[in-house]
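*Asks:* Quick one: the structure is below, and I'll ask about it shortly.
2 protein chains.
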Amino acid sequence: MCKSLSTFNKQNIIAHDIAIKIQHKIYAAQTFLPSEHKLCELYGTSRETIRKSLEQLNELGLIQKIKGKGSMVLDIQRFTFPISGITSFKELNKMLGMNAKTIVLKLTKTVVPDFLTNGVIQPQQPAFYLERLRLINGEPEVLDRDYLLSPPLDELPEKAAADSVYAYLEENLSFDISYATKEITVENPPEEVRKKLKLATADLVVVVRSYTYLADTTLFQITASYHRPDKFKFTDFARRKRILTNTKGK
Amino acid sequence: MCKSLSTFNKQNIIAHDIAIKIQHKIYAAQTFLPSEHKLCELYGTSRETIRKSLEQLNELGLIQKIKGKGSMVLDIQRFTFPISGITSFKELNKMLGMNAKTIVLKLTKTVVPDFLTNGVIQPQQPAFYLERLRLINGEPEVLDRDYLLSPPLDELPEKAAADSVYAYLEENLSFDISYATKEITVENPPEEVRKKLKLATADLVVVVRSYTYLADTTLFQITASYHRPDKFKFTDFARRKRILTNTKGK
DNA sequence: CAGTGGTCTAGACCACATT
DNA sequence: ATGTGGTCTAGACCACTGC
Numbered sequence: 007m008c009k010s011l012s013t014f015n016k017q018n019i020i021a022h023d024i025a026i027k028i029q030h031k032i033y034a035a036q037t038f039l040p041s042e043h044k045l046c047e048l049y050g051t052s053r054e055t056i057r058k059s060l061e062q063l064n065e066l067g068l069i070q071k072i073k074g075k076g077s078m079v080l081d082i083q084r085f086t087f088p089i090s091g092i093t094s095f096k097e098l099n100k101m102l103g104m105n106a107k108t109i110v111l112k113l114t115k116t117v118v119p120d121f122l123t124n125g126v127i128q129p130q131q132p133a134f135y136l137e138r139l140r141l142i143n144g145e146p147e148v149l150d151r152d153y154l155l156s157p158p159l160d161e162l163p164e165k166a167a168a169d170s171v172y173a174y175l176e177e178n179l180s181f182d183i184s185y186a187t188k189e190i191t192v193e194n195p196p197e198e199v200r201k202k203l204k205l206a207t208a209d210l211v212v213v214v215r216s217y218t219y220l221a222d223t224t225l226f227q228i229t230a231s232y233h234r235p236d237k238f239k240f241t242d243f244a245r246r247k248r249i250l251t252n253t254k255g256k
Numbered sequence: 007m008c009k010s011l012s013t014f015n016k017q018n019i020i021a022h023d024i025a026i027k028i029q030h031k032i033y034a035a036q037t038f039l040p041s042e043h044k045l046c047e048l049y050g051t052s053r054e055t056i057r058k059s060l061e062q063l064n065e066l067g068l069i070q071k072i073k074g075k076g077s078m079v080l081d082i083q084r085f086t087f088p089i090s091g092i093t094s095f096k097e098l099n100k101m102l103g104m105n106a107k108t109i110v111l112k113l114t115k116t117v118v119p120d121f122l123t124n125g126v127i128q129p130q131q132p133a134f135y136l137e138r139l140r141l142i143n144g145e146p147e148v149l150d151r152d153y154l155l156s157p158p159l160d161e162l163p164e165k166a167a168a169d170s171v172y173a174y175l176e177e178n179l180s181f182d183i184s185y186a187t188k189e190i191t192v193e194n195p196p197e198e199v200r201k202k203l204k205l206a207t208a209d210l211v212v213v214v215r216s217y218t219y220l221a222d223t224t225l226f227q228i229t230a231s232y233h234r235p236d237k238f239k240f241t242d243f244a245r246r247k248r249i250l251t252n253t254k255g256k
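Taken in order, these protein sequences are the chains called A and B. Sequential numbering from 7 applies to the first sequence in the numbering used here. Sequential numbering from 7 applies to the second sequence in the numbering used here.
Shown next as structure tokens:
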């Protein structure tokens, strides 16, 4: 379940390098990147490798490839940097320059409650229960309730919980966090949650429930995040996919 | 702006074929696909082509590739089929087997209001304004307000609006719908929206705003979807991406 | 026509998992 | 040692864009 932290292969280095140049406007929005042929010479690689780098940027929504013309740098930074992936609160905080603070309300070892395990894992699975309140500019904004499954996790220092669980898992334990399913709904929260978020009696909350998996497909985290509705914003970049719809290809 | 409708290349055909087999449980969840080598023989292609097919399935969350072992079929169908992409209501309806109906409330030619154009397009851009109410089991659930820009669109038959705008654009006009930015918030809706959704005075709505683009990067659709909060559910599959965060590669 | 991206190939070498 | 996926290459042919 533990994997190498860094794979410094050519395509990732190149993708990262171009992404940085787009962020710093060395490659400006609404202009074309150098052609694939030129990028091959620039980085001294074959064309397929360059194309894999560009494919990563394409998926992220940083560029749009146009046949016969080139790869155009898109101008979506104003709206949003991709948040739809799996991102820790600390990464978000840093990326968006928010004035955020995290308070650990609870950190205990228990078992995952039955209503969360339906079919996904066996009942009575041990886990760390972690409850955290996220403050922005001193105001409570999000309440996170995490079950971090044990195994695979067998220790969770208070400091890691207060700082960044993901950084701890990836950097200290070399966990390879890979994918997640998420669900966003609007609900009438338990009174307890309402209090912690300082909400009025009638207020609804936005609930983001997610199941996060490691690269070897083991489930390791079940989360419910309760957001103040007036502060909630989810942004996404999506490409049209046509695989599952009809007999028609693209 | 108009592009070919279908590219029946090998990698898409193979990806689609495997996706169908996964849906039909010919390849069961929690089992491994045939190895890449075997798939090469099965489909009579080179390995890189097979790998591109598998990469598509990987992005969709249908499989998880594990080095040294194989490509495991994931079991997320129960939760969700990918809805986070750009999907038309009709496609969703069909895929999820809902009992849905669409009522066209308005279809006129106007210009895009200024507050929607900030910086994205020039002011006074002509467009079709389309307002549709979506009913599920006879109950109003979503109100869609679309501005379909003209150009590129110069005609929009009432029938296409009632049926599926996307199908009309892609199949009749060969538009190549490519990507979109989305934003989800919870808001206090205008009284007019509240009435159409049959909501009580205090109720909030979930608003999904999106900007949809063609493959040549021209904006062609600006949408605001108002959802009843009690019925709203957004599901997503996401892979962890690390390009934009730090100096560290994966 | 030349330049661009889109697709495909056959082969190489590596890292990881299994026996 | 064998089988698996991960990366990279050099070259081919095609389709689209623009001069």
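Positions of the beta carbon are idealized from the N, C-alpha and C atoms, including for glycine. Nothing here was measured: the structure is a model prediction, and the numbers come from that model.
Go ahead and pull the three-state DSSP assignment for residue 54 of chain A.
*Replies:* The residue you call residue 54 of chain A lines up with position 48 of the first sequence. If DSSP states are grouped into helix, strand and coil, residue 54 of chain A belongs with the helices.
*Asks:* Which residues of chain A have a Cβ atom closer than 7 Å to the Cβ of residue 212 of chain B, listed in chain order?
*Replies:* As a position in the second sequence, residue 212 of chain B is number 206, starting the count at 1. Those within 7 Å of residue 212 of chain B in chain A are 192.
*Asks:* Runs of 4 residues minimum, wholly inside the stretch 102 to 173 of chain B: which ones carry the alpha helix (DSSP H) assignment?
*Replies:* The stretch 102 to 173 of chain B contains these whole alpha helix (DSSP H) runs: 120 to 123 and 164 to 168.
*Asks:* Can you list, in chain order, the residues of the stretch 56 to 78 of chain B whose Cβ is nearer than 8 Å to any Cβ on chain A?
*Replies:* For the stretch 56 to 78 of chain B, which is checked against every Cβ of chain A, the residues closer than 8 Å are 62, 63, 65, 66, 67, 70, 72 and 78.
*Asks:* Is there a Cβ from chain B that is less than 9 Å from the Cβ of residue 187 of chain A?
*Replies:* Translated into positions along the first sequence, residue 187 of chain A becomes position 181. Judged by the 9 Å Cβ criterion, residue 187 of chain A is in contact with chain B.
*Asks:* Is the stretch 162 to 179 of chain B touching the stretch 195 to 211 of chain B, taking contact as three or more C-beta pairs under 8 Å?
*Replies:* Judged by Cβ distances under 8 Å, the stretch 162 to 179 of chain B makes no contact with the stretch 195 to 211 of chain B, as fewer than three pairs qualify.
*Asks:* Please report the straight-line C-alpha distance between residue 48 of chain A and residue 221 of chain B, rounded to a whole angstrom.
*Replies:* As a working mapping, residue 48 of chain A is identified with position 42 in the first sequence. As a working mapping, residue 221 of chain B is identified with position 215 in the second sequence. Taking the straight line from one Cα to the other gives about 27 Å.
*Asks:* Put residue 94 of chain A into one of helix, strand or coil per three-state DSSP.
*Replies:* Locating residue 94 of chain A in the first sequence gives position 88, where the first residue counts as 1. It is coil, neither helix nor strand.
*Asks:* Is there a Cβ of chain B sitting closer than 9 Å to that of residue 195 of chain A, yes or no?
*Replies:* Residue 195 of chain A sits at position 189 when you count from the first residue of the first sequence. Output row for residue 195 of chain A: interface = no.
*Asks:* Is there a C-beta anywhere in chain B that falls below 9 Å from the one on residue 184 of chain A?
*Replies:* Walking along the first sequence from the start, residue 184 of chain A turns up at place 178. Yes, residue 184 of chain A lies at the interface with chain B (some Cβ there is under 9 Å from its Cβ).
*Asks:* Which residues in the same chain as residue 58 of chain A place their Cβ atom closer than 6 Å to its Cβ, once the five residues preceding and following it in sequence are excluded?
*Replies:* Position 52 of the first sequence, counted from the start, is the residue given in the question as residue 58 of chain A. These residues qualify, in order along the chain: 17.
*Asks:* Pull up the distance between the alpha-carbon of residue 102 of chain A and that of residue 140 of chain A, whole angstroms please.
*Replies:* For the purposes of this step, residue 102 of chain A is identified with residue 96 of the first sequence, where counting begins at 1. For the purposes of this step, residue 140 of chain A is identified with residue 134 of the first sequence, where counting begins at 1. Using only the alpha carbons, I get a separation of about 15 Å.
*Asks:* To the nearest angstrom, how far is the alpha carbon of residue 215 of chain A from that of residue 43 of chain A?
*Replies:* What you label residue 215 of chain A is simply residue 209 of the first sequence in a count that begins at 1. What you label residue 43 of chain A is simply residue 37 of the first sequence in a count that begins at 1. Distance between the alpha carbons of residue 215 of chain A and residue 43 of chain A: 44 Å.
*Asks:* Hey, quick one: how far does the beta strand (DSSP E) through residue 185 of chain B stretch, first residue to last?
*Replies:* Your numbering for residue 185 of chain B matches position 179 in the second sequence. Taken as a continuous stretch (DSSP letters only), the beta strand (DSSP E) holding residue 185 of chain B covers 183 to 193.
*Asks:* Which stretch, first to last residue, makes up the beta strand (DSSP E) that contains residue 205 of chain B?
*Replies:* Stepping through the second sequence from its first residue, residue 205 of chain B is reached at position 199. Note, residue 205 of chain B: premise wrong, no beta strand (DSSP E); not H, not E.
*Asks:* Pull up the distance between the alpha-carbon of residue 23 of chain A and that of residue 61 of chain A, whole angstroms please.
*Replies:* Here residue 23 of chain A refers to the residue found at position 17 of the first sequence. Here residue 61 of chain A refers to the residue found at position 55 of the first sequence. Their Cα atoms are separated by approximately 14 Å.
*Asks:* To which residues of the same chain is residue 253 of chain B closer than 7 Å at the C-beta, ignoring the five residues directly before and after it?
*Replies:* The residue labelled residue 253 of chain B in the question sits at position 247 within the second sequence. Bear in mind that a pLDDT of 36 at residue 253 of chain B, under 50, signals an unreliable position, so the number given afterwards is only what the model happens to contain. Contacts found: none.
*Asks:* Have a look at A:170, A:37 and A:63 and flag the residue whose alpha-carbon is nearest the alpha-carbon of residue 97 of chain A.
*Replies:* Looking up residue 97 of chain A in the first sequence gives position 91. Selected option, being the one with the closest Cα: A:170.
*Asks:* Return the chain-ordered list of same chain residues with a C-beta closer than 7 Å to the C-beta of residue 9 of chain B, the five sequence neighbours on each side being excluded.
*Replies:* In the second sequence, residue 9 of chain B corresponds to position 3, counting from 1. Interpretation of residue 9 of chain B is limited by its pLDDT of 45, a score under 50 that renders its predicted location unreliable; no figure is taken from the coordinates.
*Asks:* Determine which residues of the stretch 235 to 252 of chain B have a Cβ less than 8 Å from any Cβ of chain A, and write them out in chain order.
*Replies:* For the stretch 235 to 252 of chain B, which is checked against every Cβ of chain A, the residues closer than 8 Å are 235, 236, 238, 239, 240, 241, 242, 243, 244, 245, 246, 247, 249, 250 and 251.
*Asks:* Could you tell me whether the Cβ of residue 54 of chain B comes closer than 9 Å to any Cβ of chain A?
*Replies:* One-based indexing of the second sequence puts residue 54 of chain B at position 48. Output row for residue 54 of chain B: interface = yes.
*Asks:* Start and end of the beta strand (DSSP E) containing residue 228 of chain B?
*Replies:* In the second sequence, the residue the question calls residue 228 of chain B occupies position 222. Here the beta strand (DSSP E) through residue 228 of chain B covers 225 to 233.
*Asks:* On the CB-based measure, 16 or more other CB atoms within 10 Å of its CB, does residue 121 of chain A come out buried or exposed?
*Replies:* Counted from its first residue, the first sequence places residue 121 of chain A at position 115. Exposed.
*Asks:* Can you have a look at residue 14 of chain A and say buried or exposed, based on whether 16 or more other CB atoms are within 10 angstroms of its CB?
*Replies:* For the purposes of this step, residue 14 of chain A is taken as the residue at position 8 of the first sequence. Exposed.
*Asks:* Is DSSP giving residue 80 of chain A helix, strand or coil here?
*Replies:* Mapped onto the first sequence, residue 80 of chain A falls at position 74. In the structure shown, residue 80 of chain A sits in coil (DSSP, three-state: anything other than H, G, I, E or B).
*Asks:* Could you tell me which residues DSSP puts in a beta bridge with residue 69 of chain A?
*Replies:* On the first sequence, residue 69 of chain A is found 63 positions in, with the first residue counted as 1. According to DSSP, residue 69 of chain A bridges with A:79.
*Asks:* Residues bridged to residue 100 of chain A by DSSP?
*Replies:* Counting from 1 along the first sequence, the entry for residue 100 of chain A is found at position 94. Bridge partners of residue 100 of chain A: none, in fact.
*Asks:* Provide the residue span of the alpha helix (DSSP H) that contains residue 49 of chain A, from first to last.
*Replies:* For the purposes of this step, residue 49 of chain A is taken as the residue at position 43 of the first sequence. Element bounds for residue 49 of chain A: 42 to 49.
*Asks:* Is the distance from the Cβ of residue 156 of chain A to the Cβ of residue 119 of chain A below 9 Å?
*Replies:* If you number the first sequence from 1, residue 156 of chain A lands on position 150. If you number the first sequence from 1, residue 119 of chain A lands on position 113. No, these two residues do not count as a Cβ contact at 9 Å.
*Asks:* For residue 155 of chain A, which residues in chain B fall below 8 Å Cβ to Cβ?
*Replies:* As a position in the first sequence, residue 155 of chain A is number 149, starting the count at 1. Within chain B, no residue comes near residue 155 of chain A; the closest Cβ sits about 17 Å away, beyond 8 Å.
*Asks:* Evaluate the contact criterion for the stretch 184 to 200 of chain B versus the stretch 66 to 83 of chain A: three or more CB pairs, one atom per stretch, below 8 Å.
*Replies:* With the cut-off at 8 Å, the stretch 184 to 200 of chain B and the stretch 66 to 83 of chain A touch.
*Asks:* Less than 9 Å between the beta carbons of residue 192 of chain B and residue 235 of chain B, yes or no?
*Replies:* On the second sequence, position 186 is the one that residue 192 of chain B refers to. On the second sequence, position 229 is the one that residue 235 of chain B refers to. Going by C-beta atoms, residue 192 of chain B is nearer than 9 Å to residue 235 of chain B.
*Asks:* What is the rounded straight-line gap between the Cα of residue 200 of chain B and the Cα of residue 25 of chain B?
*Replies:* As a working note, residue 200 of chain B is residue 194 in the second sequence. As a working note, residue 25 of chain B is residue 19 in the second sequence. The alpha-carbon atoms of residue 200 of chain B and residue 25 of chain B are separated by roughly 40 Å.
*Asks:* Helix, strand or coil: which one does DSSP assign to residue 35 of chain B?
*Replies:* Stepping through the second sequence from its first residue, residue 35 of chain B is reached at position 29. DSSP places residue 35 of chain B in coil when its eight states are reduced to three.
*Asks:* By the 10 Å Cβ neighbour count, where 16 or more other Cβ atoms means buried, how is residue 208 of chain B classified, buried or exposed?
*Replies:* The residue given as residue 208 of chain B occupies position 202 in the second sequence. Label assigned to residue 208 of chain B: exposed.
*Asks:* Smallest Cα separation from residue 34 of chain B: which of B:78, B:194 and B:239?
*Replies:* Numbered from its first residue, the second sequence carries residue 34 of chain B at position 28. Ranking the options by Cα distance to residue 34 of chain B, first place goes to B:78.
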